[in-house]
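Residue numbers (the working numbering): 2 to 501. All C-beta atoms in this analysis are idealised placements derived from N, C-alpha and C, irrespective of residue type, glycine included. A short write-up of the structure that comes next.
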Amino acid sequence: MASSLISRQVALCLQKNLWLSSAGCRYVSKAAAKTQVDYDYDGPLMKTTVPGPRSQELTKQLGDIQNVGAVNFFCNYEDSRGNYLVDVDGNRMLDIYTQISSIPIGYNHPALLKVMTNPNNLSTFVNRPALGILPPENFPDKITESLLSIAPSGMTRVQTMACGSCSNENAFKSIFIWYKNKERGHNVPSEEDMSSCMINQAPGCPDLSILSFMGGFHGRTLGCLATTHSKVIHKLDVPSFDWPVAPFPRLKYPLEEFARENAQEEARCLEEVEDLIVKWRQKGKPVAGIVIEPIQAEGGDNHATPDFFRNLRNITRKHGCAFHVDEVQTGGGCTGKFWAHEHWGMDDPADVVSFSKKLLTGGYYQKDALQADKPYRIFNTWMGDPSKNLFLVEVLNVIRRENLLEEVTRSGKALLNGLYELQAQYPGLLSRARGQGTFCAIDVRDAATRDRLLLQARDKGVLLGGCGDLSIRFRPALIFKEYHVHIFLNIFNDVLAQNK
2 MASSLISRQV ALCLQKNLWL SSAGCRYVSK AAAKTQVDYD YDGPLMKTTV PGPRSQELTK
62 QLGDIQNVGA VNFFCNYEDS RGNYLVDVDG NRMLDIYTQI SSIPIGYNHP ALLKVMTNPN
122 NLSTFVNRPA LGILPPENFP DKITESLLSI APSGMTRVQT MACGSCSNEN AFKSIFIWYK
182 NKERGHNVPS EEDMSSCMIN QAPGCPDLSI LSFMGGFHGR TLGCLATTHS KVIHKLDVPS
242 FDWPVAPFPR LKYPLEEFAR ENAQEEARCL EEVEDLIVKW RQKGKPVAGI VIEPIQAEGG
302 DNHATPDFFR NLRNITRKHG CAFHVDEVQT GGGCTGKFWA HEHWGMDDPA DVVSFSKKLL
362 TGGYYQKDAL QADKPYRIFN TWMGDPSKNL FLVEVLNVIR RENLLEEVTR SGKALLNGLY
422 ELQAQYPGLL SRARGQGTFC AIDVRDAATR DRLLLQARDK GVLLGGCGDL SIRFRPALIF
482 KEYHVHIFLN IFNDVLAQNK
């Protein structure tokens with residue numbers, strides 16, 4: 002398939018002038034600049050409303066097999082390129098959502114197709130090993146070349162996993178194991194510890210807790226779900242743990258006009274964190290760790306200042322809790338730095354940093370002290386996927402070679418400035434434009450209007466995502482350039498004009 006994709010790209014390049022000049026079937030942005038990416042399209046092209054007839058047919062077919070309530074439409078990934086996603090009805094859309102922020106350098110990037118066609122990589126793709134017991138010969142080198150080359154400050158250990166939820170779930174386990182060994186003063190469990198854990202009782206299954214924040218999202222597995230507080234549908238009918246939930250700051254915008262009020266809000270939240278730590282210790286359920294996103298993504302793109310996070314880090318030190326920074330959605334360069342926590346300016350930002358999405362593999366970095374003390378304590382069959390490390394090496398090469406973090410900063414500035422202008426133009430419709438890099442969002446006056454704007458933008462060839470109660474979030478690939486911003490802004494302005 003990879004070789005056929007490369008051949009098709011050559012053919013498409015030769016035919017470029019022909020399909021670029023075809024009239025009457027694509028939305029033309031007033032400010033659309035000439036493309037600067039060889040494998041990118043020049044703009045959206047819409048043939049039907051979305052979902053089109055073929056997508057509707059496939060949705061019905063899949064609906065006989067599984068729940069399809071969340072399916073938007075079906076995709077033609079072979080024809081998708083760069084910043085553009087093509088659906089099965091031939092609609093080509095500028096993708097500013099990128100599979101929930103998980104496409105790092107666009108669709109069908111030539112560097113990744115080249116990895117697929119390299120015969121030296123075939124065994125890695127064909128044979129998926131049980132990494133915890135039978136890793137391949139090149140696994141240490143590939144981990145060093147990929148994940149360790151971008152390790153957060155102060156971290157030299159990384160554990161790969163398959164997805165964001167299992168990354169966080171196992172990170173929580175590492176925190177609990179570390180905390181209990183620290184409490185014992187050694188890592189040798191008692192006979193009572195070993196017998197009681199087999200029937201889900203203390204002391205072997207201790208009443209420890211993870212403190213999380215209202216609006217946070219850390220996954221849908223049981224432990225993660227106890228720390229997820231973004232949408233009712235995620236949690237309804239599922240048993241959970243009695244773990245503390247602190248308020249996350251609700252900042253007022255524009256930030257420069259509300260500096261005093263926002264500082265007071267952050268101080269209130271930090272005070273509540275300390276109160277909860279004390280309260281849960283008194284309940285006999287001590288807080289072993291605190292988990293937080295640098296920007297609450299699913300919960301509504303909620304930001305806090307670097308001072309908030311620095312003070313929170315100090316609280317974890319004071320109370321002997323591990324500090325777990327969840328970079329599943331914010332990691333990978335979308336904020337203009339590879340890790341969003343780098344914006345805090347700290348030498349020792351965390352004890353654990355989890356990742357997934359744009360890094361293509363899941364996993365978490367950890368301090369030496371949190372390394373599992375015995376085999377099989379942090380374990381599953383696959384423990385990740387070595388083929389994803391091959392792709393990640395090339396993604397990192399592209400990021401460095403093309404200075405994509407600088408590109409993200411430029412594009413993000415253009416995007417945020419454009420959102421500022423639109424909210425000034427439509428004050429009754431939009432508010433609270435905010436962001437770092439291209440990791441941006443804006444609020445809409447109500448949920449119904451937000452959802453309508455998303456559908457109308459999609460029918461004009463722009464894919465966006467919602468988050469929180471009222472927000473639209475922007476999650477483009479790292480190759481999203483300033484001219485893509487202008488294409489989006491012009492189309493979105495037309496949509497907004499219909500909804501005054």
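Practice prompt. Assign V239 to one of two classes, buried (16 or more other C-beta atoms within 10 Å of its C-beta) or exposed (fewer than that).
Written response: It counts as exposed.
Worksheet entry | Length at least 3, wholly inside the stretch 311 to 398: the beta strand (DSSP E) runs in chain order | 323 to 327, 353 to 356, 363 to 367
Discussion item. Alpha carbons only, please: which of T336, L209, N201, S357 is nearest the one belonging to F475?
Written reply: T336
Worksheet item: Do T331 and P307 have their C-beta atoms closer together than 8 Å?
Response: The answer is no: Cβ separation not under 8 Å.
Worksheet item: Taking the alpha carbon of C198 as the point to measure from, which residue in G438, C206, E192 has its own alpha carbon closest?
Response: C206
Practice prompt. Using beta-carbon positions only, say whether L462 and P45 come within less than 8 Å of one another.
Written response: This sequence places Gly at residue 462; Leu is not what is there. Contact flag set, yes.
Worksheet entry | Rounded separation between C225 and L132 - CA only | The straight-line gap from Cα to Cα measures roughly 23 Å.
Worksheet item: Which residues in the same chain have their Cβ closer than 6 Å to the Cβ of M94, if we skip the five residues on either side of it in sequence?
Response: P45, L86, G462, L464
Worksheet item: Looking at the structure shown, is K482 part of a helix, part of a strand, or coil, going by DSSP?
Response: coil
Fill in: Local conformation of R55 per DSSP, three classes
helix
Discussion item. Taking only three categories from DSSP, how would you classify D194?
Written reply: Look at D194 here: in three-state DSSP terms it is helix.
Worksheet item: Would DSSP call L86 helix, strand or coil?
Response: strand
Practice prompt. Would you decide whether D447 is buried or exposed? Buried here means 16 or more other CB atoms lie within 10 Å of its CB.
Written response: exposed
Practice prompt. From the DSSP output, in three-state form, read off R453 for me.
Written response: helix
Worksheet item: So which of L431, G438, Q437 has the shortest CA-CA distance to N494?
Response: L431
Worksheet item: What are the boundary residues of the beta strand (DSSP E) that M94 is part of?
Response: 93 to 96
Worksheet entry | Buried versus exposed, by CB contacts within 10 Å (16 or more), R282 | With a 10 Å radius around the Cβ and a threshold of 16 neighbouring Cβ atoms, R282 comes out exposed.
Discussion item. List, from N- to C-terminal side, the alpha helix (DSSP H) runs of 4 residues or more that fit wholly inside the stretch 115 to 196.
Written reply: 123 to 127, 140 to 146, 165 to 185
Worksheet item: Is DSSP giving L237 helix, strand or coil here?
Response: coil
Worksheet item: Taking DSSP as the reference, what is the three-state secondary structure of S81?
Response: coil
Practice prompt. Consult DSSP for N491 and reduce its assignment to one of helix, strand or coil.
Written response: Helix, per DSSP.
Discussion item. In the DSSP output, what is I473 paired with across the bridge?
Written reply: I443, G467
Worksheet item: Do you know offhand how far I151's Cα is from Q57's?
Response: 42 Å
Item to complete: Express the C-alpha separation of G385 and G301 in angstroms, rounding to a whole number.
Response: About 29 Å.
Worksheet item: With DSSP run on the structure shown, which of helix, strand or coil describes I293?
Response: strand
Discussion item. What would DSSP say about R27, mapped onto helix, strand or coil?
Written reply: Model confidence at R27 stands at a pLDDT of 35, short of 50, so the residue's coordinates are unreliable and nothing is read from them.
Worksheet item: Bridge partners of S213, per DSSP?
Response: V246
Worksheet item: The alpha helix (DSSP H) with G436 in it runs from where to where?
Response: Premise fails: G436 lies in the beta strand (DSSP E), 431 to 437, not in any alpha helix (DSSP H).
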